[in-house]
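The sequence shown begins at 1147 in this note's numbering and counts up one residue at a time.
Even for Gly, the Cβ is constructed at its ideal location relative to N, Cα and C.
To start, the structure itself, in C-alpha coordinates.
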Amino acid sequence: SPEQAVILWQESRLSLSRCYEKAPEILKVHGSVIGTLGNFSASIGKAKSKKTFNVSAIVAAALKNGTVLRYAAELPEENGKCFI
1147 SPEQAVILWQ ESRLSLSRCY EKAPEILKVH GSVIGTLGNF SASIGKAKSK KTFNVSAIVA
1207 AALKNGTVLR YAAELPEENG KCFI
(Lines of atoms letter the chains of each structure in order from A and count residues from 1; the text may use other names and numbers.)
(Lines give C-alpha, C1' and ligand atoms only; values in the text may rest on other atoms or scores of the structure.)
Protein backbone atom coordinates (compact mmCIF):
# COMPACT_ATOMS: atom_id res chain seq x y z
CA SER A 1 0.00 0.00 0.00
CA PRO A 2 1.14 3.62 -0.39
CA GLU A 3 1.32 4.06 3.39
CA GLN A 4 3.58 1.02 3.77
CA ALA A 5 5.78 2.25 0.94
CA VAL A 6 6.23 5.61 2.68
CA ILE A 7 7.09 3.90 5.97
CA LEU A 8 9.68 1.67 4.26
CA TRP A 9 11.12 4.66 2.42
CA GLN A 10 11.47 6.66 5.65
CA GLU A 11 13.11 3.73 7.46
CA SER A 12 15.65 3.24 4.67
CA ARG A 13 16.74 6.89 4.41
CA LEU A 14 20.22 7.83 5.58
CA SER A 15 20.66 10.81 7.87
CA LEU A 16 23.89 12.80 8.16
CA SER A 17 23.10 13.62 11.78
CA ARG A 18 22.60 10.00 12.86
CA CYS A 19 25.39 7.66 14.00
CA TYR A 20 25.41 4.27 12.31
CA GLU A 21 26.95 1.07 13.57
CA LYS A 22 29.87 -0.07 11.43
CA ALA A 23 29.53 -3.63 10.12
CA PRO A 24 32.20 -6.04 11.37
CA GLU A 25 34.98 -6.48 8.81
CA ILE A 26 35.44 -10.21 8.21
CA LEU A 27 37.30 -10.52 4.91
CA LYS A 28 40.43 -8.70 3.79
CA VAL A 29 43.03 -8.95 1.05
CA HIS A 30 46.38 -7.18 1.54
CA GLY A 31 44.82 -5.29 4.47
CA SER A 32 41.93 -3.90 2.39
CA VAL A 33 38.41 -4.82 3.47
CA ILE A 34 36.49 -6.75 0.83
CA GLY A 35 33.73 -8.23 2.99
CA THR A 36 31.67 -7.30 6.03
CA LEU A 37 29.28 -9.32 8.14
CA GLY A 38 25.65 -9.03 7.04
CA ASN A 39 26.30 -8.03 3.44
CA PHE A 40 26.51 -10.02 0.26
CA SER A 41 28.74 -9.77 -2.78
CA ALA A 42 28.74 -10.93 -6.36
CA SER A 43 31.68 -11.94 -8.50
CA ILE A 44 31.32 -10.76 -12.08
CA GLY A 45 33.66 -10.89 -15.02
CA LYS A 46 34.27 -12.27 -18.46
CA ALA A 47 33.96 -15.96 -19.26
CA LYS A 48 36.99 -18.02 -18.23
CA SER A 49 38.38 -15.17 -16.08
CA LYS A 50 38.83 -17.43 -13.02
CA LYS A 51 35.78 -16.17 -11.10
CA THR A 52 35.14 -19.62 -9.63
CA PHE A 53 38.77 -19.96 -8.52
CA ASN A 54 38.60 -16.56 -6.82
CA VAL A 55 35.31 -17.30 -5.05
CA SER A 56 36.64 -20.73 -4.00
CA ALA A 57 39.68 -19.11 -2.37
CA ILE A 58 37.45 -16.64 -0.52
CA VAL A 59 35.13 -19.41 0.70
CA ALA A 60 38.13 -21.53 1.75
CA ALA A 61 39.45 -18.64 3.85
CA ALA A 62 36.03 -18.22 5.47
CA LEU A 63 35.70 -21.95 6.19
CA LYS A 64 39.22 -22.05 7.63
CA ASN A 65 38.71 -18.75 9.48
CA GLY A 66 42.22 -17.92 8.40
CA THR A 67 44.26 -17.03 5.34
CA VAL A 68 44.10 -18.69 1.92
CA LEU A 69 45.90 -17.18 -1.09
CA ARG A 70 46.19 -13.79 0.69
CA TYR A 71 42.46 -13.70 1.50
CA ALA A 72 42.22 -13.33 5.28
CA ALA A 73 38.95 -14.16 7.04
CA GLU A 74 38.25 -13.31 10.69
CA LEU A 75 34.78 -14.45 11.68
CA PRO A 76 33.56 -13.40 15.15
CA GLU A 77 33.53 -16.14 17.81
CA GLU A 78 29.75 -15.94 18.24
CA ASN A 79 29.15 -16.10 14.46
CA GLY A 80 32.02 -18.42 13.57
CA LYS A 81 30.08 -20.16 10.82
CA CYS A 82 30.20 -19.76 7.08
CA PHE A 83 26.93 -20.17 5.19
CA ILE A 84 27.21 -20.80 1.47
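- Secondary structure at glutamate 1223: helix, using DSSP grouped into helix, strand and coil.
- In this structure, isoleucine 1190 lies away from glycine 1181, with their beta-carbon atoms at least 9 Å apart.
- Nearest in C-alpha terms to alanine 1206, of all of Lys1196, Ala1219 and Ser1147, is Ala1219.
- Glutamine 1150 and glycine 1177 have their C-alpha atoms roughly 42 Å apart.
- Exposed is the label assigned to leucine 1160, since fewer than 16 other Cβ atoms lie within 10 Å of its Cβ.
- With 16 or more other CB atoms across the displayed protein chains lying within 10 angstroms of its CB, tyrosine 1217 is buried.
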